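Here's the structure, in structure tokens; my notes come after.
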Amino acid sequence: AILCCGIVMSHYTHYNLSPATQMTAAQSFRSMAFMAETAIFAYMGLSLPTLTHRWHVGFIISSMGLILLGRALNIFPIAFLINRYSEPGTVQLNKKEQFIMWFSGLRGAIAFSLVLNLQSHSLTAVSP
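Be aware that the sequence shown starts at 31, since it is given in the numbering used here, and climbs by one per residue.
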């Protein structure tokens, strides 16, 4: 509800602010997002050595392959549709930009936080 409220309200409030306030608000939100992302990656970097790991190389390689395949099956067809059906004169997504979108989703902060919240009994299907 808060996310939807923020999205809807941004369309009304942003244009009612002065240009200087618009720039200040945008920079403030970017700074807060950067600090939150930095905190997540610092937590991830500091907590990884303290956790006990069981490495299964086949699972890691197959997971990465399936992740890359899944992202490719989403990014490239949607980019093709956007390029094909966008209005003439608009900027098209070139192959380099599509590749960046495909590869940039593999940073892992959200995936890491989701794995930390898994219960130990739900991991038995993955364990060898």
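Cβ atoms here follow ideal geometry from the backbone N, Cα and C, with glycine treated the same way.
Note that the structure is predicted; figures quoted are calculated from it, not measured.
How would you label I105, buried or exposed, when you count the other beta carbons within 10 angstroms and need 16 or more for buried? That one is buried.
What residue range is occupied by the uninterrupted alpha helix (DSSP H) comprising V38? Unbroken alpha helix (DSSP H) run through V38: I32 to T43.
Please say whether N113 and L123 have beta carbons closer to each other than 8 Å? In contact: L123 and N113 (Cβ atoms closer than 8 Å).
Please go through the same chain and pick out, in chain order, the residues whose beta-carbon is closer than 8 Å to the beta-carbon of Q128, but skip the five residues on each side of it. In the same chain as Q128, and ignoring 5 residues on each side of it, the C-beta atoms closer than 8 Å to its own belong to I105, F106 and A109, in chain order.
Helix, strand or coil at Q57 according to DSSP, with G and I counted as helix: Annotated three-state conformation of Q57 is helix, per DSSP.
Thinking just about the alpha-carbon of each residue, which of A69, W132 and N46 is nearest to the one in I97? Between I97 and the set A69, W132 and N46, the nearest pair of CA atoms involves W132.
If you reduce the DSSP assignment to three classes, tell me which class G119 lands in. G119 falls in the coil class under three-state DSSP.
Please report how far the alpha carbon of M94 lies from the alpha carbon of Y73, in whole angstroms. Whole-angstrom Cα-Cα distance: 23 Å.
Cβ-Cβ separation, Q52 to H44 (assumed contact under 8 Å), whole Å: For a cut-off of 8 Å, the C-beta gap from H44 to Q52 is around 6 Å, short enough to register as a contact.
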